[in-house]
Amino acid sequence: MVFIPVENLADPRLNDYTNMTDVALRSKVEPERGLFMAESKNVIARAIETGHRPRSFLMAEKWLDSMTPLIEEATGFADGGNVPVFIADEETSSKLTGFRLHRGALAAMWRPSLKTVSETISGAHRIAILENLVDHTNVGAAFRSAAALNVDAILVTPSCADPYYRRSVRVSMGTVFQVPWTRWQAWPDPAEVKEAGFHVIAMALSNESVPLDELEHSQLVQDPNSKLAILLGTEGTGLTCKAIENADTVCRIPMGHGVDSLNVAAASAVSMWALRRRMK
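Positions 1 to 280 (UniProt numbering) are the ones given, in order, by the sequence shown.
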């Protein structure tokens, strides 16, 4: 590892850490540069544990003692072990990134290549499909629910927010590194998933929708060999008409007090739990 005090904010080696609060800019440049950002010791640890390679670290000097074991572990992935560790005080790091670094450290990580849809869902019995979610917080929350509730893989549509964006990663507590996922460029054509044996369940309000508590006890869900794809729609408008038309079953979460829908993060947790795989 190489420790480098931050003395010049214009140092091109720090480019990965600039303008981090500009969502539109970061959403464009991070994939282009082949990187993503991991924030906090726990998230960085989970990224490293799952084989992701660091480009560099940024932290305050007071975090060095607690972070050193992680950095040393990370150097095993880096070329020659020369991973830069930039050291900056709170004021300097705030000017550089655009926000106060409360969680100890940032790491710029190499973004892995995405697998194909068939590779991602191979061997899966439960998958989730996120259609056009725009809020990175909701994407991260859906991944955390998926990891906790044994969803085997996630497919995100072309317009869905980036699961590797810093806020998604943080909210997911690093579970975006654990749950296999990829972008489904052929969406809204569900052929590839259906040909793999999945029954597509659209979570949506419609006249034909089945109550979730009824579907939960059906043979379809109770069968340990069944393969289900849980389809969740964007904030506000929900699933597109085409997505609902292409689903095998439309399902709704029964609610009271005149409430007709839940936030997609909450809906993902409820539906993933109810539709989880049953084992004999």
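Note that the Cβ used here is the ideal one computed from N, Cα and C, for glycine as well.
Cβ shell of proline 5 (< 6 Å), same chain only, five flanking positions each side left out: Numbered from 1 along the sequence shown, position 5 holds the residue referred to as residue 5. So the list reads Ile87, once near-sequence residues are dropped.
Unbroken alpha helix (DSSP H) run spanning arginine 33, endpoints: Stepping through the sequence shown from its first residue, residue 33 is reached at position 33. Unbroken alpha helix (DSSP H) run through arginine 33: 23-33.
Beta-carbon proximity check, valine 171 vs glycine 123, cutoff 7 Å: Translated into positions along the sequence shown, residue 171 becomes position 171. Translated into positions along the sequence shown, residue 123 becomes position 123. Contact check for valine 171 against glycine 123 fails: the beta carbons are separated by 7 Å or more.
Residue 338 in three-state terms, based on DSSP: Any answer about residue 338 is impossible in this case: the structure gives the chain only from 1 up to 280.
Neighbourhood of valine 151 by C-beta distance below 6 Å, restricted to the same chain and skipping five residues each side: The residue you call residue 151 lines up with position 151 of the sequence shown. Once the five neighbours on either side are set aside, the close Cβ partners of valine 151 are Arg126, Ala128, Met272.
Whole-Å CB distance - threonine 249 paired with valine 210, under 8 Å assumed: As a working mapping, residue 249 is identified with position 249 in the sequence shown. As a working mapping, residue 210 is identified with position 210 in the sequence shown. For a cut-off of 8 Å, the C-beta gap from threonine 249 to valine 210 is around 6 Å, short enough to register as a contact.
Glycine 233 burial status per 10 Å Cβ neighbour count (16 or more: buried): Here residue 233 corresponds to residue number 233 of the sequence shown, with the count starting at 1. Glycine 233 counts as buried, since at least 16 other C-beta atoms from the protein chains shown sit within 10 angstroms of its C-beta.
Alpha carbon of threonine 120 to alpha carbon of valine 85, nearest angstrom: Translated into the one-based positions of the sequence shown, residue 120 becomes position 120. Translated into the one-based positions of the sequence shown, residue 85 becomes position 85. When only Cα atoms are considered, threonine 120 and valine 85 end up about 33 Å apart.
Backbone CA spacing between histidine 257 and leucine 220 [nearest angstrom]: Start at 1 with the first residue of the sequence shown, and residue 257 comes out as number 257. Start at 1 with the first residue of the sequence shown, and residue 220 comes out as number 220. If I take the Cα positions, the gap works out to 30 Å.
Cβ pair count under 8 Å reaching 3, the stretch 142-151 against the stretch 173-191: With the rule of 3 Cβ pairs closer than 8 Å, the stretch 142-151 counts as touching the stretch 173-191.
Rounded C-alpha distance that separates leucine 155 from valine 200: On the sequence shown, residue 155 is found 155 positions in, with the first residue counted as 1. On the sequence shown, residue 200 is found 200 positions in, with the first residue counted as 1. Each residue's Cα considered, the two are about 13 Å apart.
The stretch 42-54 contacting the stretch 100-109, beta-carbon criterion three pairs below 8 Å: Yes, the stretch 42-54 is in contact with the stretch 100-109.
Contact under 7 Å by Cβ, alanine 161 with valine 134: Here residue 161 refers to the residue found at position 161 of the sequence shown. Here residue 134 refers to the residue found at position 134 of the sequence shown. Yes, the Cβ-Cβ distance between alanine 161 and valine 134 is below 7 Å.
For leucine 231: DSSP bridge partner residues: Stepping through the sequence shown from its first residue, residue 231 is reached at position 231. Beta-bridge annotation (DSSP): leucine 231 is paired with Ile129, Ala202.
Supposed contact pair leucine 96 and leucine 9 - C-beta distance, whole angstroms, cut 8 Å: Locating residue 9 in the sequence shown gives position 9, counting from the first residue. Locating residue 96 in the sequence shown gives position 96, counting from the first residue. With 8 Å as the limit, leucine 9 and leucine 96 qualify as a contact, their Cβ atoms being about 5 Å apart.
C-beta atoms of glycine 104 and serine 40 nearer than 7 Å: On the sequence shown, position 104 is the one that residue 104 refers to. On the sequence shown, position 40 is the one that residue 40 refers to. Going by C-beta atoms, glycine 104 is nearer than 7 Å to serine 40.
Reduced DSSP secondary structure (H/G/I, E/B, other) of aspartate 79: Stepping through the sequence shown from its first residue, residue 79 is reached at position 79. Confidence is the limiting factor: at aspartate 79 the pLDDT is only 46, short of 50, which leaves the residue's position unreliable, though a coordinate-based value still follows. In the structure shown, the three-state DSSP call for aspartate 79 is helix.
Residue span of the beta strand (DSSP E) that contains isoleucine 48, given as start and end: In the sequence shown, the residue the question calls residue 48 occupies position 48. First-last for isoleucine 48: 41-49, but that is the alpha helix (DSSP H), not the beta strand (DSSP E).
Per-residue burial, serine 93 [other beta carbons within 10 Å of its own, 16 or more giving buried]: To locate residue 93, count along the sequence shown from 1; it is residue 93. Result: buried.
Closer than 7 Å to chain D by CB, arginine 252: Here there is only one protein chain, and chain D is not present.
Cα-Cα separation between glutamate 90 and asparagine 15, rounded to whole angstroms: For the purposes of this step, residue 90 is identified with residue 90 of the sequence shown, where counting begins at 1. For the purposes of this step, residue 15 is identified with residue 15 of the sequence shown, where counting begins at 1. Roughly 18 Å separates the two Cα atoms.
Continuous beta strand (DSSP E) assignments of at least 3 residues falling wholly in the UniProt domain "tRNA/rRNA methyltransferase SpoU type" (127-272): Listed in chain order, the complete beta strand (DSSP E) runs (minimum 3 residues) inside the UniProt domain "tRNA/rRNA methyltransferase SpoU type" (127-272) are 153-156, 181-183, 199-203, 228-232, 249-252.
Cβ-based burial, serine 268 [other Cβ within 10 Å; buried from 16]: Here residue 268 refers to the residue found at position 268 when the sequence shown is read from its first residue. Within a 10 Å sphere around the beta-carbon of serine 268 sit 16 or more other beta-carbons, which makes this residue buried.
CB of glutamate 192 within 7 Å of CB of valine 264, strictly: One-based indexing of the sequence shown puts residue 192 at position 192. One-based indexing of the sequence shown puts residue 264 at position 264. No, these two residues do not count as a Cβ contact at 7 Å.
Integer Cβ distance of tyrosine 165 from arginine 26, believed to fall under 8 Å: What you label residue 165 is simply residue 165 of the sequence shown in a count that begins at 1. What you label residue 26 is simply residue 26 of the sequence shown in a count that begins at 1. Indeed, because the Cβ distance is near 7 Å, the residues count as touching under 8 Å.
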